[in-house]
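The block underneath contains the structure these notes are about, expressed in structure tokens.
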Amino acid sequence: MSAPTDHGHGHHDDHGHHDEGAHGSRKEYWIGFLLSVVMTAIPFWLVMTQPIGKQAIAMTIMLFAAAQMIVHMIFFLHMNRKAEGGWSIMALIFTVVIVVIALSGSLWVMYHMNENMMPTMDMSQMG
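In terms of the UniProt record's numbering, the sequence shown has 107 at position 107, counting the first letter as 1, and numbering is strictly consecutive.
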């Protein structure tokens with residue numbers, strides 16, 4: 001005895017292929033792409049022209065890098081409160097925490113390396 005099968009007519013597919021909320025539109029991809037290009041071009045311009053101080057440029061680059069990660073997660077990875085029952089928002093929060101730790105740790109290490117470097121030696125006085 002075989003189980004009755006319904007091959008189609010009016011049967012909804014349970015594979016999630018018709019879930020339009022999980023996929024981005026062409027417009028969303030273009031917005032994400034344009035934001036990414038702008039967030040790359042501005043720090044590049046700052047480094048090439050140096051209109052502000054080096055520390056301000058470094059902080060600006062870090063801010064743009066963090067913002068670009070968030071843009072990528074929203075526009076390309078489609079992380080929001082609705083996707084996957086809210087778990088993607090937890091991944092977003094986790095990612096933001098890791099980025100903050102990495103950026104602040106990098107700044108702390110670079111600052112202390114610069115402060116604790118040995119003074120330059122005058123090679124002409126070495127015997």
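Where is the CB? At the ideal position from N, CA and C, for every residue including glycine.
Contact holds between the region 60 to 68 and the region 36 to 47, because three or more Cβ pairs, one in each stretch, are under 8 Å apart. Judged by their CB atoms, T60 and L77 are not nearer to each other than the 8 Å cut-off. The Cβ atoms of I57 and Q68 do not sit closer than 8 Å to each other.
Under the three-state reduction of DSSP output, I52 falls in the coil class, being neither helix nor strand. Looking at the backbone, the Cα of M113 and that of G105 are separated by about 12 Å.
According to the DSSP assignment, E115 belongs to the alpha helix (DSSP H) that extends over 87 to 115. Between G24 and V71, the C-beta gap is not smaller than 8 Å, which leaves the two residues out of contact. DSSP places F44 within a helical segment (H, G or I) once states are collapsed to three. A102 and K27 have their C-alpha atoms roughly 32 Å apart. Cβ-Cβ distances below 6 Å link G85 to nothing in the same chain once the five nearest sequence neighbours on each side are left out.
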